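Under my numbering, the residues of the sequence shown are numbered 10 to 383, in order. We treat Cβ as the ideally placed atom computed from N, Cα and C, and that holds for glycine. The structure presented is a predicted model; accordingly, all values stated were derived computationally and were not measured. All remarks here apply to the structure that follows.
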Amino acid sequence: LPLTPDSDLSIAFRLAVRTIASESQFGRFSLQANQAAPLNVFVPLAWIQQKIGHAGEANLLLVGSNPKRVLTQAEATEAIEKHWQLADMGLELRRLEGQGVLEVRSKQVFIDESLGQSTMNAADGAVGILTYFVNELRRGEKATPYSMVTAMGPSPQAGGIIPADMQDEEILINQWLADDLGAAPGDSLELSYYVLTTMRNLQECKSRFRVRAVLPMAPPAVDPELMPDFPGLAGVKNCRDWDAGIPINLDEIRKSDEDYWDAYRGTPKAFVTLKAGRQMWANRYGNLTAVRYPAGNVSAPDVADKLLKTVDPASAGLFFQPVRDRGQKAASGTTDFGQLFLGLSMFLIIAVLILMGLVFAFGVESRSGQIGML
């Protein structure tokens, strides 16, 4: 993911080998029809869940038929549609009492595009949110390093900050940022930020906006909940302990930046339209970090029920595959080697004819050369 530290991509454990699993003990267990022996290691599920911080979770579910009844793929899929929950699609729904809203956010930080439109349609008055960590906000010679900036859609009912007539080239800044940069309405600000390119490479980009207004340091502009749980940022007490997966020059962090983090945590210092934010920060993982709904208009069960009914489990990566049937078909299939031998024979015949032609041509050229010398 963008803004994800690379330091925690792997965890090492030293374990004692208890036994060597034989074929009858599923030692060669594999979901792939492959003749090569799989490199399997088996550990208790609860142990690995606890070690990687995913208690009660799994990324694979195996379902088999019993001797009395054969379970079909369609029946298994139907069972998912009846019993799956928001957590199964990586979403969580929470009520923010101070903001008076219900909020859907993703455990993966960005809401996948396949789910984004469904979350926006789950209730009236929905407002899409995309919060990003920018490298710098600059006005002339003055610059504020490492800040959250939020893109939002207009929605007064859900505590919206963006006016309905706000233009994509405009930006709202809070009073703290205005004082830090000496900025006022009409001034031009430059945003610098990293975007993820191929092979997880980072490219720094810049965008320019015109200050539309300065917001007071009070709700709804002061809202630390707008920052998603960026790994390496969320829960960090000191700015100098940030580990966001991007180059951070700690020497640029000032005491005033530390004081802001202590007082307001991840509260965004600036706001742009959702369209402008998506143009800058949308990526292959999604183009939203949250969706909010006015709590007075809808209940949490209503939102959850709407999402579960409108989202296809397969689009969230939940679908069954007939592994046993595929394996049996792969094992029972035969290969027609006759066509292979026929093709090889034709190739050899053509190669011999070409070789004979080369030998003949070389012989004629040699004889003609000798006659010329005479």
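Legend entry - Proximity to Arg-287 [Cα-Cα], best of Leu-297, Lys-151, Asp-314 and Gln-59: Numbered from its first residue, the sequence shown carries residue 287 at position 278. For Arg-287, the nearest C-alpha among the options comes from Leu-297.
Legend entry - Inter-residue spacing [alpha-carbon to alpha-carbon] between Leu-317 and Gln-94: Taking the sequence shown and counting its residues from 1, the one referred to as residue 317 is at position 308. Taking the sequence shown and counting its residues from 1, the one referred to as residue 94 is at position 85. Their Cα atoms are separated by approximately 7 Å.
Inset, instruction - Kindly give me the distance between the Cβ atoms of Val-158 and Arg-301, rounded to whole angstroms, as I take these residues to be in contact under 8 Å. - result: Numbered from 1 along the sequence shown, position 149 holds the residue referred to as residue 158. Numbered from 1 along the sequence shown, position 292 holds the residue referred to as residue 301. Between Val-158 and Arg-301 a beta carbon distance of about 17 Å is seen, past the 8 Å cut, so the two are scored as non-contacting.
Inset, instruction - Report the option in Leu-181, Gly-134, Trp-251 and Lys-284 whose CA atom is closest to the CA atom of Arg-221. - result: Residue 221 sits at position 212 when you count from the first residue of the sequence shown. It is Leu-181 whose Cα lies nearest to the Cα of Arg-221.
Inset, instruction - Indicate whether Gly-295 and Met-236 have their beta-carbon atoms separated by less than 8 Å. - result: Indexing the sequence shown from 1 puts residue 295 at position 286. Indexing the sequence shown from 1 puts residue 236 at position 227. Going by C-beta atoms, Gly-295 is not nearer than 8 Å to Met-236.
Inset, instruction - Establish whether the CB of Asp-189 and some CB of chain C are separated by less than 8 Å. - result: Here chain C cannot be found, since the structure has a single protein chain.
Inset, instruction - Give the DSSP-derived three-state secondary structure of Lys-116 in the structure shown. - result: For this step, residue 116 is matched to residue 107 along the sequence shown. Reduced to three states, the DSSP call for Lys-116 is coil.
Legend entry - Per DSSP, the bridge partner or partners of Val-136: In the sequence shown, residue 136 corresponds to position 127, counting from 1. In DSSP, Val-136 forms a bridge with Arg-301.
Inset, instruction - Assign Tyr-202 to one of three DSSP states: helix, strand, or coil. - result: Residue 202 sits at position 193 when you count from the first residue of the sequence shown. Tyr-202 falls in the strand class under three-state DSSP.
Inset, instruction - Please confirm whether Asp-188 and Arg-148 have their CB atoms less than 8 Å apart. - result: Counted from its first residue, the sequence shown places residue 188 at position 179. Counted from its first residue, the sequence shown places residue 148 at position 139. Result no, Cβ atoms of Asp-188 and Arg-148 do not sit closer than 8 Å.
Inset, instruction - Starting from the C-beta of Leu-80, find all residues in its chain whose C-beta is less than 7 Å away, skip the five residues before and the five after it, and write them out in chain order. - result: On the sequence shown, residue 80 is found 71 positions in, with the first residue counted as 1. Only Val-72 and Ser-74 meet the Cβ criterion.
Legend entry - Straight-line gap, His-92 to Leu-111 (C-alpha atoms, nearest Å): The residue given as residue 92 occupies position 83 in the sequence shown. The residue given as residue 111 occupies position 102 in the sequence shown. Approximately 23 Å between the Cα atoms of the pair.
Legend entry - Cβ separation of Met-129 and Phe-280, assumed to be a contact under 8 Å, to the nearest whole Å: Translated into positions along the sequence shown, residue 129 becomes position 120. Translated into positions along the sequence shown, residue 280 becomes position 271. A Cβ-Cβ distance of about 19 Å is found for the pair Met-129 and Phe-280, leaving them out of contact under the 8 Å criterion.
Inset, instruction - Tell whether a beta-carbon distance below 8 Å holds between Asp-177 and Ala-285. - result: Numbered from its first residue, the sequence shown carries residue 177 at position 168. Numbered from its first residue, the sequence shown carries residue 285 at position 276. The answer is yes: Cβ separation under 8 Å.
Legend entry - Residues that DSSP places opposite Ala-152 in a beta bridge: Your numbering for residue 152 matches position 143 in the sequence shown. DSSP lists Arg-147 as partners of Ala-152.
Legend entry - Whole-angstrom distance between Ser-156 and Ala-272, CA atom to CA atom: Residue mapping note: residue 272 aligns to position 263 of the sequence shown, counting from 1. Residue mapping note: residue 156 aligns to position 147 of the sequence shown, counting from 1. Cα-Cα distance, rounded: 14 Å.
Legend entry - Beta-carbon proximity of Ala-299 to Arg-114, cut-off 8 Å: In the sequence shown, the residue the question calls residue 299 occupies position 290. In the sequence shown, the residue the question calls residue 114 occupies position 105. Contact: yes.
Inset, instruction - Compute the Euclidean distance between the alpha carbons of Lys-151 and Asn-144, then round it to the nearest angstrom. - result: The sequence position of residue 151 within the sequence shown is 142, counting from 1. The sequence position of residue 144 within the sequence shown is 135, counting from 1. Answer to the nearest angstrom: the Cα atoms are 14 Å apart.
Legend entry - Runs of beta strand (DSSP E) lying entirely within the segment 235-320, each at least 3 residues, in chain order: 279-282 and 299-303
Inset, instruction - Sort Glu-267, Val-231, Asp-250 and Ala-309 by Cα distance to Gly-107 and report the nearest one. - result: For the purposes of this step, residue 107 is taken as the residue at position 98 of the sequence shown. Among Glu-267, Val-231, Asp-250 and Ala-309, the Cα nearest to that of Gly-107 belongs to Val-231.
Inset, instruction - Would you decide whether Gly-65 is buried or exposed? Buried here means 16 or more other CB atoms lie within 10 Å of its CB. - result: Numbered from 1 along the sequence shown, position 56 holds the residue referred to as residue 65. Exposed is the call here.
Inset, instruction - Could you check if Gly-62 is buried or exposed, using at least 16 other CB atoms within 10 Å of its CB as the buried criterion? - result: Residue 62 sits at position 53 when you count from the first residue of the sequence shown. It is exposed - the Cβ of Gly-62 has fewer than 16 other Cβ atoms within 10 Å.
Inset, instruction - Name the residue from Lys-278, Ile-170, Thr-207 and Pro-172 whose alpha carbon lies nearest to the alpha carbon of Leu-190. - result: Taking the first residue of the sequence shown as 1, we reach residue 190 at position 181. Answer by Cα proximity: Lys-278.
Inset, instruction - Under 8 Å by Cβ, that's how I've got Gly-134 and Pro-303 pegged, so tell me the actual separation to the nearest angstrom. - result: The residue labelled residue 134 in the question sits at position 125 within the sequence shown. The residue labelled residue 303 in the question sits at position 294 within the sequence shown. So it is a contact: roughly 5 Å between Cβ atoms.
Inset, instruction - Assign Asn-183 to buried or exposed, taking buried as 16 or more other Cβ atoms, counted over all protein chains shown, within 10 Å of its Cβ. - result: To locate residue 183, count along the sequence shown from 1; it is residue 174. Buried: at least 16 other Cβ atoms inside 10 Å.
Legend entry - Simplified DSSP state of Lys-77, which is helix, strand or coil: Here residue 77 refers to the residue found at position 68 when the sequence shown is read from its first residue. It is coil, neither helix nor strand.
Inset, instruction - Express the C-alpha separation of Lys-338 and Ala-96 in angstroms, rounding to a whole number. - result: In the sequence shown, residue 96 corresponds to position 87, counting from 1. In the sequence shown, residue 338 corresponds to position 329, counting from 1. Rounded to whole angstroms, Ala-96 to Lys-338 spans 35 Å at the Cα level.
Inset, instruction - Please name the residue, chosen from Arg-209, Ala-323 and Leu-186, that lies closest to Leu-198 on a Cα-to-Cα basis. - result: Position 189 of the sequence shown, counted from the first residue, corresponds to residue 198. Among Arg-209, Ala-323 and Leu-186, the Cα nearest to that of Leu-198 is on Leu-186.
Inset, instruction - Just the C-alpha distance for Gly-305 and Ala-46, rounded to the nearest angstrom, thanks. - result: Position 296 of the sequence shown, counting from 1, holds the residue named residue 305. Position 37 of the sequence shown, counting from 1, holds the residue named residue 46. Distance between the alpha carbons of Gly-305 and Ala-46 is about 58 Å.
Inset, instruction - Determine the burial state of Glu-87: buried for a count of at least 16 other Cβ atoms within 10 Å of its Cβ, exposed for fewer. - result: For the purposes of this step, residue 87 is taken as residue 78 along the sequence shown, with counting starting at 1. Result: exposed.
Legend entry - Of the residues Asn-210, Leu-283 and Gly-109, the one placed nearest Pro-229, counting alpha carbons only: As a first step, residue 229 is located in the sequence shown; it is residue number 220 there, counting from the start. Checking every option, the nearest Cα to that of Pro-229 belongs to Gly-109.
Legend entry - Whole-number beta carbon distance between Val-223 and Gln-212, since they are thought to touch under 8 Å: The residue given as residue 212 occupies position 203 in the sequence shown. The residue given as residue 223 occupies position 214 in the sequence shown. Not a contact, Cβ separation roughly 31 Å.
Inset, instruction - Run the CB neighbour count on Met-98, radius 10 Å, all protein chains shown included, and call it buried at 16 or more, exposed below. - result: As a working mapping, residue 98 is identified with position 89 in the sequence shown. Buried, because 16 or more other Cβ atoms sit within 10 Å of the Cβ of Met-98.
Legend entry - For Ser-19, three-class secondary structure by DSSP: Here residue 19 refers to the residue found at position 10 of the sequence shown. Looking at Ser-19 - three-state DSSP - the assignment turns out to be coil, as it is neither helix nor strand.
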